[in-house]
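What follows is a single structure, written as structure tokens, with notes after it.
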Amino acid sequence: MSTESIFVEQLSKTYKVPEREGGFGAAVRSFFKRKYKDVNAVQKVSFRIEPGEIVGFLGPNGAGKTTTLKMLSGLLHPTGGKANVLGFTPWELKPDYLRSMTLVMGQRNRLSWDIPAADSFLLNQAIYRLPDNEYKKTYKELDELLELEPLMKKPVRNLSLGERMKCEIAAGLLHRPKVLFLDEPTIGLDITGQARIREFLREYNRRTGATILLTSHYMADVTALCERIIIIHHGNLKYDGGINDLSRRIAPFKLIGIRLSEADSHDLSGYGSEVQNEEDAEKRYIRVRADEVTRVTSRLLADLPIHDITIADPPIEDVIERAFNE
Amino acid sequence: MLKIFKRLWQVNWAEQWQYRANLLMYLLYWLVSPIIYLAVWTSIAASKGDVNGLTANDFVTYYMTLLIVDQITSNITLHIFAYKVQDGSLSSELIRPIHPMLTNTLVNNIAFKALSIMGLIPIWIVLFFLFQPNFSSVTWQGIALAIPAMMLGFIIAFLISASVTSVAFWTTRVYSISEFYFALFLLFSGQFVPLTLMPPIIQSIARYLPFQFSLYYPIQLILGKLSPGQIIEGYIVALIWLPISYFLFNWVWREGVKRYSAVGA
Amino acid sequence: MHYLKLLQNLLKLNIQMSLAYRADTVVNILLNLMWLGWELLGLSIIFNNTETLGGWGPGELIALLGVFRLVNTLMAALIWPNTEKFNQSIRDGSMDYTLLQPVNSMFLTTFSRITVWRIWDLVLAIILIVVGINMSGDITTPLSTLTFILLAVSGAIVIYSLWIVLIALTFWFTKFDNNVTILQALLDAGRYPVTVYPVWLRIIVTFIIPIAVATTIPLQALRGDLEISRVLIFIGVGIVSFWIASNVWKAGLKRYSGASS
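Residue numbers (the working numbering), protein chains in the order written: chain A, 32 to 357; chain B, -12 to 252; chain C, 705 to 965.
In structure tokens form, the structure reads like this:
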């Protein structure tokens, strides 16, 4: 057995999608002879994740993130390749495997709407065969981290979105899974809600040593939690490595910020492309290739009445966005 | 106004057409109970020669006619309207300058009806060959008399259903409450059995209730089973119920909308 | 054992749910009684006009009404609410969670929702059967009672299996949320002895949508007019249909996970 938590090799998923043209004639024809089109949702993706790692799994909509998570949790059979999670092949859906991992999808409810979460929790205790003392211990721990107690007695439909998400995540963790697949766990939450979930995940990972693979549209989630990210696009693996190396590897650019000592009307297009930054209206930013930073800086200093100058890495959001667009 | 109805018709027809598979299943569902009653009563009539003067053929023609009349006079207001109140989607209809119930829901009903009658025709023909009814008592005069009766029956039943459905403004238990309405309908409309076989007390109440105009009265008109006196009495009772049901609906609706906006759904 | 404990948990949950909506529960019990009154009125109208229906007298039809209500209880207590839950979970994707739980998914799909107050309906149904049989003057023996119970259970399993097949079809045709209408539609046919129906309808409700297998046929066994060979056949049908249903379910899951294509 290998030592890593998650091991993925050449994993592929191709969907057959019926192809249909508009119009009545085409509808009749397709009734007799369906044409199918292959859609490659995931193409030969390989990576491995060590126990205890938190990895951000990124890509634009339709990149194949959810398909991959579904294959890793066992919901989908791949059309090719191998995957091994904690020594199990996920799609065999062995009960022992199901008891050691969890899948939390931010847009789907596992809890029943009509009853308080406490009751759904007890059902989960029975489903996962958790002994009373163990269940109580885990619950206490989750309560401590997420402040669940005040939410437990109300029917789920009466909870706010953020409160519900806390309960959803807790419900997915009652059986103390060793591997967590989180698909958009913070979607729709406000900033403080997001921050709280994020904090919880970090703390949970620290306490239990669980491996976490998460997707999110909020870069703040990723930058706060993950040291490593995996990017896929059109089903292909685009990047796998440290989040800090990303800008160097994918987008070797720096941002030069300048404050001019006199009225801001100078044309900066000769130095590099100017970037809008609404947070800091006093400064203007230019994006410059990393190997040209020195040259451009000295030109700027020579040409313009510079009051203040900074050189920084571009924000990770921009870098990832650029990675998608390439 | 006509233009509004025309547009509403186009939208609703297209929408119903989308759901034609559902509609076929609904038809199938709805067909079963008349066919069962038909089978039960013809089997009784066949074994005894007649039931209270009604022969096996009388029962076959009664239920076969019922299949058509029911499609014409019935409505599905409860199913297309009640949830709109509950999930709040009525709000967007209330702020439009047309009456949600008397335009959109009405036209929706009619589109549903048109499509389900189209679906019924082939099924009805198959049933015709299976049961071989003898429709010799049907006359053109009878049909001509039945058409306005069915229109009245539809309008009255629609207004009463709309009133019952409007209970949704007060309670989420509208579906349970409407079951009481269905039970009354079943008892007094002639759905289970021609009213002449009902206990005398039910018959004498049914004469003055609006339910018979949905089924029993138009069916008997088509089949030519009513005396001139009964025909006139029926029309008079229907014409009395028409304004009553209209005022009932208007009142329930006004109070309901008041409440809906007060609660702020 | 584990499954019994789970069932106990699910039952507890559902009792809590119906307690939360206790006004609905009361209204529903009232409605239920109203429909029972309506059904008895219907029978009395029929027997005002005839002595026998398809060879059965009033007592037997009351007993049949009882058996029909047993089937109806199965439908109302388990099948309809779980169909609703199932279709909903396919639509919103929460089916994924059901599949990822370390418990047989067919079990969870069957017992997630239990309309608890319907147990009251079972009591009513049994009263109807006992009263009806006493009225009819049919002689029952312990053996015929036992075959009745066996056949009623096996008939219920046949209907249950058909239900599983119908909802499993949703795995192939995702838009198939009318999956159980056909079952619902023909259920009413169980109210009367199938012997009164024209042949084509009899064939449908015995073989295709076998409502009669769970209503008319067990009652025939109770009256003692069903040969032993046919009793065995109907019990066999129950076992085979359950086997077929669980295999269709498994195939459906394979389809859902894309393992079959």
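Where a beta carbon is used, it is the ideal one built from N, C-alpha and C, also for glycine.
**Prompt:** What residue ranges within the segment 19 to 90 of chain B form continuous alpha helix (DSSP H) runs of no fewer than 4 residues, ordered along the chain?
**Reply:** 43 to 60, 64 to 73 and 77 to 81
**Request:** Check whether the Cβ of A/Pro126 lies closer than 9 Å to any Cβ atom in chain C.
**Result:** yes
**Item:** the segment 90 to 112 of chain A: positions lying closer than 7 Å to chain C by Cβ
**Value:** Ser104, Gly105, Leu106, Leu107 and His108
**Prompt:** Leaving out the 5 sequence neighbours to the left and right, which residues in its chain are closer than 7 Å to A/Met183 when beta-carbon positions are compared?
**Reply:** Pro147, Ala148 and Ala149
**Sub-9 Å separation of B/Thr60 and B/Phe169 beta-carbons** = no
**Request:** Leaving out five residues on either side along the sequence, give the residues of the same chain with a beta carbon under 7 Å from the beta carbon of B/Leu(-5).
**Result:** Thr90, Asn91 and Val94
**Asked** Does the distance from the C-beta atom of A/Phe284 to that of A/Arg330 stay below 9 Å?
**Response** no
**Asked** Would a check of beta-carbon distances place A/Gln138 closer than 9 Å to chain C?
**Response** yes
**Item:** Under 8 Å (Cβ pairs) to chain C, residues found in the segment 30 to 45 of chain B
**Value:** Ser30, Ile31, Ser34, Lys35, Val38 and Asn39
**Request:** Select from A/His265, A/Gln225, A/Thr169 and A/Arg318 the residue whose C-alpha is nearest the C-alpha of A/Asn71.
**Result:** A/His265
**Request:** Check the Cβ of C/Gly758 against every Cβ in chain B and list those closer than 7 Å, keeping chain order.
**Result:** Ser30
**Asked** Given that A/Ile158 touches chain C, what residues does it touch there, using C-beta distances under 9 Å?
**Response** Leu710, Asn713, Gln805, Pro806, Val807 and Leu812
**Prompt:** Nearest to C/Gly759 by CA position, among C/Thr920, C/Ala893 and C/Pro846, is which residue?
**Reply:** C/Thr920
**Message:** Below 8 Å on the Cβ atoms is my contact criterion, and I expect B/Ile143 with B/Ala225 to pass it. Report the Cβ-Cβ distance as a whole number of Å.
**Reply:** 7 Å
**Item:** Close Cβ partners of A/Tyr166 (< 6 Å) along its chain, the five nearest in sequence each way excluded
**Value:** Gln156
**Prompt:** What did DSSP end up calling B/Lys245 once you bin it into helix, strand or coil?
**Reply:** helix
**Request:** Please check the pair A/Lys269 and A/Ala241, which I expect to be a contact at CB under 8 Å, by giving their CB distance rounded to whole angstroms.
**Result:** Actually they are not in contact, since the Cβ atoms of A/Lys269 and A/Ala241 sit about 26 Å apart, beyond 8 Å.
**chain A contacts from the segment 820 to 831 of chain C (Cβ-Cβ distance under 9 Å)** = none
**Request:** Could you say which of C/Trp742, C/Leu711 and C/Thr885 lies nearest to C/Leu769 if we only look at CA atoms?
**Result:** C/Trp742
**Prompt:** Based on the DSSP secondary-structure assignment, which residues constitute the bridge partners of A/Pro186?
**Reply:** A/Pro147
**Asked** Where does the unbroken beta strand (DSSP E) through A/Tyr270 begin, and where does it stop?
**Response** Asn267 to Gly273
**Message:** When you compare the CB of C/Gln720 with every CB in chain A, is at least one pair closer than 9 Å?
**Reply:** yes
**Request:** Kindly give me the distance between the Cβ atoms of A/Leu244 and A/Ile80, rounded to whole angstroms, as I take these residues to be in contact under 8 Å.
**Result:** 7 Å
**Message:** Three Cβ pairs or more, each shorter than 8 Å: is that satisfied between the segment 910 to 918 of chain C and the segment 822 to 840 of chain C?
**Reply:** no
**Prompt:** Where C/Asn776 and A/Ser143 are concerned, what is the direct C-alpha to C-alpha distance, given to the nearest angstrom?
**Reply:** 26 Å
**Prompt:** Between A/Arg141 and chain C, is there a C-beta pair that is closer than 9 Å?
**Reply:** yes
**Asked** Between A/Gly83, A/Leu173, A/Pro82 and A/Leu204, which lies nearest to A/Thr133 when the distance is taken from Cα to Cα?
**Response** A/Leu204
**Asked** In terms of residues, what are the limits of the beta strand (DSSP E) holding C/Thr802?
**Response** Unbroken run through C/Thr802 is the alpha helix (DSSP H), Met799 to Leu803; no beta strand (DSSP E).
**Request:** With a floor of 4 residues, list each alpha helix (DSSP H) that falls wholly inside the segment 139 to 220 of chain B, ordered by position along the chain.
**Result:** 161 to 175, 187 to 193 and 203 to 209
**Asked** Which residues in the same chain as A/Ser151 place their Cβ atom closer than 7 Å to its Cβ, once the five residues preceding and following it in sequence are excluded?
**Response** Leu142, Ser143 and Ala202
**Message:** Quick check on C/Glu788: buried or exposed, where buried means 16 or more other Cβ atoms within 10 Å of its Cβ?
**Reply:** exposed
**Item:** Environment of B/Trp127 [buried if 16+ CB atoms lie within 10 Å]
**Value:** exposed
**Prompt:** Using 8 Å as the threshold, is the segment 243 to 258 of chain A in touch with the segment 82 to 97 of chain A, meaning 3 or more CB pairs across them?
**Reply:** yes
**B/Leu10 beta carbon less than 9 Å from that of B/Gly106** = yes
**Prompt:** When burial is assigned at 16 or more other CB atoms within 10 Å of the CB, is A/His206 buried or exposed?
**Reply:** buried
**6 Å CB neighbourhood of C/Glu764 in its chain, flanking five on each side removed** = Ser840
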